[in-house]
Amino acid sequence: MSTLTATESHSMLRRTGIRASDLVIAGLVLVVELAATAMSEPLNLVPGWGQTTSTDWLAFTIVTLGCLALVWRRDRPVPVMVVTMVMYGAFMLRDYELGMFLPPMVALYTVATLGQARLWTLAITAFGLAVSALWIRARAEGIAEDGVVTLVWVSFGVVITIFYVGSYAIGDIVRSHRMLRRRRGRTNP
87 MSTLTATESH
97 SMLRRTGIRA
107 SDLVIAGLVL
117 VVELAATAMS
127 EPLNLVPGWG
137 QTTSTDWLAF
147 TIVTLGCLAL
157 VWRRDRPVPV
167 MVVTMVMYGA
177 FMLRDYELGM
187 FLPPMVALYT
197 VATLGQARLW
207 TLAITAFGLA
217 VSALWIRARA
227 EGIAEDGVVT
237 LVWVSFGVVI
247 TIFYVGSYAI
257 GDIVRSHRML
267 RRRRGRTNP
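As numbered in our numbering, residues 87 to 275 make up the sequence shown, in order.
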């Protein structure tokens, strides 16, 4: 029985198209999301708040698939972005407790840093926001007070929008900064 050296392990990962850093990121996101899913208590913020579905094996499967896709985030950024957001959509449409944000956030950030697929990014972000709106509507439809309903829509809507649009914006800023740094490096002796 032989053991692999660090160099051999890294070489094996590279042949599969997997980067060690992406494996670590996917693993960390998976741990956080699984813990959040396992420990999520149903919210009951105000009278009339719509109840969510109890966590089951399918919730953990959706979370795992969404997080593991991140292993290929730099080699296949657009498909990974689509997979993570579809898993988020499945999670939200199954009506689980609010969660599963990190995989799409990491994927949107990655697509932006690589400067790829702006139209796809817009479409997939719109999908994520639409499913989020359906989830918010299900929570808010039983609330009697109009002011509270407005507060629910604004607060949850703004936070979710910031999660997704903000992830892309930060990635775009990082990409722009890298481009400027490369240009400066070429012009300075």
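Just so it is clear, CB atoms sit at the ideal spot from N, CA and C, and this is done for glycine as well. Being a predicted model, the structure only gives us computed values, none of them experimental.
*asked:* Within the continuous alpha helix (DSSP H) that includes tyrosine 174, where are the two ends?
replied: If you number the sequence shown from 1, residue 174 lands on position 88. That run of the alpha helix (DSSP H) goes 163 to 179.
*Which value, in whole angstroms, describes the spacing of the CA atoms of threonine 247 and leucine 144?*
Your numbering for residue 247 matches position 161 in the sequence shown. Your numbering for residue 144 matches position 58 in the sequence shown. Roughly 26 Å between the two C-alpha positions.
*Buried or exposed: where does isoleucine 259 fall if 16 or more other Cβ atoms within 10 Å of its Cβ makes it buried?*
Against the sequence shown, residue 259 aligns to sequence position 173. Counting Cβ neighbours within 10 Å, isoleucine 259 comes out exposed, since fewer than 16 surround it.
*Decide if the stretch 179 to 193 is in contact with the stretch 112 to 119; the criterion is three or more beta carbon pairs, one per stretch, under 8 Å apart.*
yes
*Locate the alpha helix (DSSP H) running through tryptophan 135, then write down its first and last residues.*
Residue numbering aside, residue 135 sits at position 49 when the sequence shown is read from its first letter. Looking at the DSSP string, tryptophan 135 is not in any alpha helix (DSSP H), and its letter there is neither H nor E.
*CB methionine 171 to CB valine 197, shorter than 8 Å?*
The sequence position of residue 171 within the sequence shown is 85, counting from 1. The sequence position of residue 197 within the sequence shown is 111, counting from 1. Going by C-beta atoms, methionine 171 is not nearer than 8 Å to valine 197.
*asked:* Taking the straight line between their C-alpha atoms, what separation do you get for valine 132 and serine 241?
replied: Sequence index remark: in the sequence shown, residue 132 carries index 46 (1-based). Sequence index remark: in the sequence shown, residue 241 carries index 155 (1-based). Near 14 Å, if we compare the C-alpha coordinates of serine 241 and valine 132.
*asked:* Taking the straight line between their C-alpha atoms, what separation do you get for threonine 138 and glycine 214?
replied: Within the sequence shown, numbered from 1, the residue matching residue 138 stands at position 52. Within the sequence shown, numbered from 1, the residue matching residue 214 stands at position 128. Near 18 Å, if we compare the C-alpha coordinates of glycine 214 and threonine 138.
_Three-state class that DSSP yields for arginine 105 in the structure shown_ = The residue labelled residue 105 in the question sits at position 19 within the sequence shown. The answer is coil: DSSP assigns arginine 105 none of H, G, I, E or B.
*asked:* Could you compute how far the alpha carbon of proline 165 sits from the alpha carbon of arginine 105?
replied: Reading the sequence shown from its first residue, position 79 is the one you call residue 165. Reading the sequence shown from its first residue, position 19 is the one you call residue 105. For proline 165 and arginine 105, the distance between alpha carbons rounds to 17 Å.
*asked:* Going by beta-carbon coordinates alone, are leucine 156 and valine 192 separated by less than 8 Å?
replied: Along the sequence shown, one-based indexing puts residue 156 at 70. Along the sequence shown, one-based indexing puts residue 192 at 106. Cβ atoms of leucine 156 and valine 192: closer than 8 Å.
*asked:* Measuring only the C-alpha atoms, how far is alanine 112 from valine 149?
replied: Numbered from its first residue, the sequence shown carries residue 112 at position 26. Numbered from its first residue, the sequence shown carries residue 149 at position 63. Going from the Cα of alanine 112 to the Cα of valine 149 covers about 11 Å.
*6 Å CB neighbourhood of tryptophan 276 in its chain, flanking five on each side removed*: The requested residue 276 is not part of the displayed model; the chain covers only 87 to 275.
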